[in-house]
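J.: Have a look at this one before I ask anything.
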Amino acid sequence: MKSRTSFFDKRVSLHLLRRFWPLFLLWLAILLLAGPVGLNVNAHQEPARVITDLRSDLLSSGRGAVWLSALMGALMAMSMLSYLYFPRDCGLINSLPLRRETVYFTAVLTGLVPMLLTDVLVFALLWLFYGQYGAGARYFLWWLEMTLLANAGFYGFACFCGTLTGNVLVLPAVYVVLNCAVAVFEAAVRGVFTALLYGYTFDSLLLEWASPLLWLTDHAESTVLTHMEAERGIAADYAPIGLGYLAGLCAAGIVFALLGALVIRRRHMETAGEVVAVPILRPVFRACMALGCGMLGSMVLVEEFLRGLYGTGKFATLALSMCAFAALGWFAAEMLMKKTLRVFDHGWREIGVLCAGLLVFAVLTKLDVAGYETRIPAAEDIESIDMTYMASSGITERESIDAWLDFHRGIIAHRERNEAAESGPWYGVPMFYRLRDGSTLRRFYKLPTDNESRADPASDIRAWENINNLPEVRLKRVWADKALTADDIHDAWIEVRTPLDAQSAISNHIVLTPAQAVSLWREGIIPDAEAGNIARWRIRDSAEDDAERTNISVAIMCRVRREEGMFMDHLDEQVLFSSENTLRWLKENMGLTPSKEIHGGHDDQQLEIAALPIEQPQNQQQ
Amino acid sequence: MIEVKELHKSFDGFEALRGLNIHVPRGAVYGLVGPNGAGKSTVIRHLAGIYRQDSGEVLIGGEPVYENPAVKAKLAYIPDDIFYFGAATIRDMKNLYRAMIPTFSDERFEKLREAFPLEEKRAMRRLSKGMQKQAAFWIALSCCPEVILLDEPVDGLDPVMRRQVWSLLLQDVAERGTTVLVSSHNLRELEDVCDHVGIMDKGRMLLERPLAALQENTVKIQLALPDGAELPEGLDILHETRTGRLRQLILRGNGDELSAKLSACNPFFLDVLPLSLEEIFIYELGGEDHEIKNILL
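Just so you know, the sequences run in chain order A and B. For the first sequence, the residue numbers in numbering that gives the first Met the number 0 are 0 to 621. For the second sequence, the residue numbers in numbering that gives the first Met the number 0 are 0 to 296.
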């Protein structure tokens with residue numbers, strides 16, 4: 000009569016705890032260093048500073064604990080599931096009166112529960128030692144939340160990875176690869192698109208969320224809700240990004256751990272020691288290695304080592320190298336699984352099928368069956384166009400949009416010339432269309448900036464220059480659409496270059512108050528920009544342009560509040576001799592008069608200048 | 000007690016077991032013999048519940064073994080390469096089995112200490128192969144199992160310890176009706192302890208019989224016939240050698256009947272000799288490409 004099913008065996012658990020207790024101590028030590036021991040509170044500072052630093056450190060520590068959980072998850076899985084990897088251990092466990100799922104779940108839980116208890120213990124110590132400083136309970140709870148969720152998520156996934164292989168050294172490799180596989184694969188596909196489709200670009204990977212290690216690299220940070228103002232006793236407030244993601248990761252980890260039990264059922268114990276323990280996954284492993292190596296290898300070869308290629312030559316090289324790398328990947332997988340170098344006598348049909356698939360993919364991409372390269376939206380469908388490298392919002396005026404569309408058509412028409420010149424100097428032009436139906440269209444082109452292109456008024460780079468000097472673009476560049484106030488100003492200064500000697504010059508910084516910055520901006524920069532006498536954009540230097548420039552430039556940094564949090568925007572413009580309003584303000588308020596632009600020089604110097612008082616409107620007085 | 004029915008098992012396309020059938024009655028000492036690569040260890044691992052068969056049945060006490068803790072609790076398995084965890088000592092292994100096996104007897108463990116003079120605190124990996132085997136027997140016998148599976152059990156043991164081990168096993172068989180299945184190449188030793196024999200080759204059972212019946216049904220006859228006399232028809236000759244007039248025949252059949260049949264040819268000389276298990280093994284497999292070739296040096 001069969002015994003009843005049980006998913007936990009105390010005897011196995013105790014055995015594992017006795018064998019691997021140093022690992023739990025290690026986790027405790029690591030968390031203590033990342034947590035209570037690693038935090039450094041200087042109680043002699045002003046309270047707002049103490050709280051700000053502690054809050055920031057707690058969130059940093061939590062993020063650190065997330066990364067450490069990723070590492071610890073793999074180590075713990077390697078230990079708890081070690082009975083799967085050594086024939087002797089495997090034979091022993093499987094000869095005992097235990098069900099396989101019982102052993103598996105017992106191992107998983109024996110690894111997880113002590114880790115989670117360690118997290119709670121360290122959280123309690125953090126609260127005990129640092130709760131008194133008034134940082135707020137939620138920061139400590141966030142720390143705990145991040146650690147617990149990351150532990151469960153990464154460990155559960157590592158256990159699943161552990162069931163796929165019979166080799167303990169392969170487990171961490173499988174774990175890292177599968178943690179990054181989806182995003183890397185998407186990046187490889189997009190890389191092929193980038194190589195073969197003219198103008199192709201993308202903002203972020205759509206499937207990055209499916210690769211936790213990569214997602215956390217890009218997104219694990221905190222948004223600033225309020226900045227610290229120590230003199231007013233206000234501590235900075237933060238919010239961690241990614242708690243929802245970690246919750247999803249935890250849930251996924253649990254699901255994967257459960258899936259591991261299904262794999263264990265299918266797994267034969269005689270596969271201890273083999274790279275891929277589940278027979279049905281072996282062709283999958285080979286195919287993934289082949290496809291991955293094919294796309295990544297060819298992309299790296301073409302984009303990094305053969306940059307001078309374009310057109311048909313680039314396509315042919317990419318396609319052939321895809322097949323070559325795919326074959327290499329297939330054989331590498333077979334070598335790993337068979338543990339021998341003698342694998343070249345079979346598998347050619349499978350390789351042929353995979354290469355055919357890659358070639359079809361490459362050809363379809365090259366032929367642009369989706370019409371990507373030539374798609375330009377109609378003017379009436381466009382809501383705005385972002386020149387995303389700029390710190391300003393999109394252009395919306397019809398005149399500007401029409402000019403832009405002409406510019407875009409010109410780039411497409413000059414494709415061959417632009418592609419041929421990619422190995423030389425080039426300027427990257429991003430395009431981001433927001434359409435009225437809510438969709439977006441994104442492109443990126445490399446425009447040659449060699450001397451010939453710069454000198455040719457009909458070249459794309461000169462057209463780009465003209466776009467940047469459109470009235471709407473120029474005004475947006477100087478924040479004409481913003482209602483700037485002194486509270487928005489983070490930093491502002493005037494830089495004056497004065498000659499030191501015949502060959503060198505010195506840059507003098509004159510710091511402006513927020514009120515002065517706003518006044519200069521409103522009374523000088525904006526009217527000059529409207530007249531086209533400042534914020535000009537030039538792709539080329541000319542004697543004529545040089546003669547127009549003064550030795551004075553203005554820089555303003557302001558805070559911008561967006562949905563995602565607080566950011567900094569900056570304005571940095573050189574004052575021209577025709578910038579009458581700006582020059583008038585500088586003369587009246589700072590006693591500055593311009594001279595010609597001076598090139599060369601080295602030292603920066605804070606220059607003390609007694610600024611003349613300015614008359615401020617009532618509503619701007621600090 | 001132990002039944003294997005139409006067992007098939009492949010490893011990476013290689014068919015290790017091809018419809019194997021085994022029947023071991025309760026209380027028997029069953030010797031499983033076969034050439035290298037016959038599949039003996041493979042079938043024993045199925046019986047221990049380590050391997051899952053591709054098809055067929057593996058039953059102990061009428062119950063399937065695989066994933067059946069209740070059945071596995073009644074088994075003791077001693078492999079050729081002893082199982083133990085990493086840095087485990089004999090005591091650690093004993094504690095593990097004591098926790099896992101309901102019938103484990105501390106009293107028996109203490110009694111057997113005299114028979115197996117080993118230090119409990121020594122790490123298994125630091126013991127010699129023979130000492131590891133001793134430790135494995137010590138623990139296995141302390142489990143008081145109903146079925147013992149042994150794969151090359153006495154390999155590495157000195158002659159005194161071998162005798163000791165067999166004595167303890169047979170004592171268990173006699174007193175508690177323990178069923179023993181043992182695979183070994185040492186046929187001389189098996190002959191002394193087994194009462195059932197199964198000869199397998201290339202994943203199949205060639206011959207399975209009580210040892211007495213096997214020995215009764217295969218005989219060695221030496222005879223010398225007069226000139227011109229031929230052997231009678233209908234003899235199942237497994238092997239024949241000639242030295243001058245003297246013939247040595249290995250025949251399948253009853254010794255008395257064959258003797259009577261051959262006497263009809265008026266031989267000068269006729270003698271019926273007993274066959275050892277080793278000789279039965281060699282000659283039964285003779286038709287399966289394992290003929291002993293005479294090598295003239």
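Glycine is no exception: its CB is placed at the ideal position from the N, C-alpha and C atoms.
1) Against chain A, with Cβ distances strictly below 8 Å, would GLU66/B count as a contact?
2) If I measure Cβ to Cβ from LEU149/B and keep anything under 6 Å in the same chain, skipping five residues before and after, which residues do I get?
3) Answer yes or no: do LEU156/B and GLY129/B have a C-beta to C-beta separation smaller than 8 Å?
4) Taking its Cβ as the centre, do 16 or more other Cβ atoms sit within 10 Å of LEU116/A, making it buried, or is it exposed?
5) Excluding sequence positions up to five away, which residues of its chain have a Cβ less than 7 Å from the Cβ of LYS4/B?
6) How is the alpha helix (DSSP H) around THR193/A delimited, first residue to last?
7) Name the two residues that bound the continuous alpha helix (DSSP H) containing PRO209/B.
8) Is the CB of LEU149/B under 8 Å away from at least one CB in chain A?
9) Contact criterion: CB-CB distance below 8 Å. Does ASP88/A meet it with respect to chain B?
10) If contact means a Cβ-Cβ distance below 9 Å, which residues of the segment 100-128 of chain B contact chain A?
11) Run the CB neighbour count on LYS9/A, radius 10 Å, all protein chains shown included, and call it buried at 16 or more, exposed below.
12) In the structure shown, what three-state DSSP assignment does SER55/A receive?
13) Report the start-end ranges of each beta strand (DSSP E) in the segment 132-168 of chain B that is 3 residues or longer and not cut off at the edges.
14) Within the 8 Å Cβ cut-off, does ALA98/B reach chain A?
15) Under the three-state reduction of DSSP, which class applies to GLN131/A: helix, strand or coil?
16) Would the segment 41-50 of chain A count as touching the segment 124-140 of chain A if we require 3 or more Cβ pairs under 8 Å?
17) Mark PHE7/A as exposed unless 16 or more other C-beta atoms lie within 10 angstroms of its C-beta, in which case mark it buried.
18) Could you name the residues of chain A that LEU298/B contacts, counting a contact when the two beta carbons are closer than 7 Å?
19) Between the Cα of CYS292/A and those of ILE400/A, ALA187/A, ASN532/A, spot the shortest distance and give me the residue it belongs to.
20) Give me the chain A residues within the contact set of GLY202/B, using Cβ-Cβ distance strictly less than 9 Å, ordered along the chain.
21) Relative to chain A, which residues along the segment 41-60 of chain B have a C-beta separation below 8 Å, given in chain order?
22) Give me the chain B residues within the contact set of MET268/A, using Cβ-Cβ distance strictly less than 7 Å, ordered along the chain.
23) Who are CYS557/A's beta bridge partners in DSSP?
24) Of all Cβ atoms in chain B, is any one closer than 8 Å to the Cβ of ARG10/A?
25) Which residues in the same chain as GLY307/A place their Cβ atom closer than 6 Å to its Cβ, once the five residues preceding and following it in sequence are excluded?
26) In chain order, which continuous runs of the alpha helix (DSSP H) of length 4 or greater are located wholly inside the segment 213-274 of chain B?
27) With DSSP as the reference, label ASP91/B as helix, strand or coil.
28) Ignoring anything shorter than 3 residues or poking outside the segment 334-406 of chain A, list the beta strand (DSSP E) runs there in chain order.
29) According to DSSP, is MET268/A part of a helix, a strand, or is it coil?
30) Looking at the structure shown, is SER9/B part of a helix, part of a strand, or coil, going by DSSP?
31) For PRO78/B, go through chain A and note every residue whose CB falls closer than 7 Å to its CB, in chain order.
32) In this structure, does DSSP put VAL32/B in helix, strand or coil?
33) Of the choices TRP126/A, ARG87/A, PHE139/A, SER68/A, whose alpha-carbon is the least far from that of GLY110/A?
34) At a Cβ cut of 8 Å, what residues of the segment 2-27 of chain B count as close to chain A, listed as they run along the chain?
35) Starting from ALA286/A, trace the alpha helix (DSSP H) both ways and give me its first and last residue.
36) List the residues of chain B that SER68/A touches, going by C-beta distances under 9 Å, in chain order.
T.: Concretely, from the data shown:
1) yes
2) ILE77, VAL181
3) yes
4) exposed
5) ASN20, GLY55, GLU56
6) 169-195
7) Where PRO209/B is concerned, there is no enclosing alpha helix (DSSP H), although the beta strand (DSSP E) it sits in stretches over 203-209.
8) no
9) yes
10) ILE100, PRO101
11) exposed
12) helix
13) 146-150
14) yes
15) helix
16) yes
17) exposed
18) Because chain B spans 0 through 296 in this model, residue 298/B falls outside it and cannot be assessed.
19) ALA187/A
20) Residues of chain A passing the Cβ test: none, with the nearest at roughly 15 Å.
21) ARG44, ALA47, GLY48, ILE49, TYR50, ARG51
22) ILE49, TYR50
23) ILE488/A, ASP568/A
24) yes
25) SER422
26) 254-262
27) helix
28) 381-385
29) helix
30) strand
31) GLY90
32) strand
33) SER68/A
34) PHE10
35) 281-299
36) The premise fails here: SER68/A is roughly 26 Å from chain B at the closest Cβ pair, so nothing lies under 9 Å.
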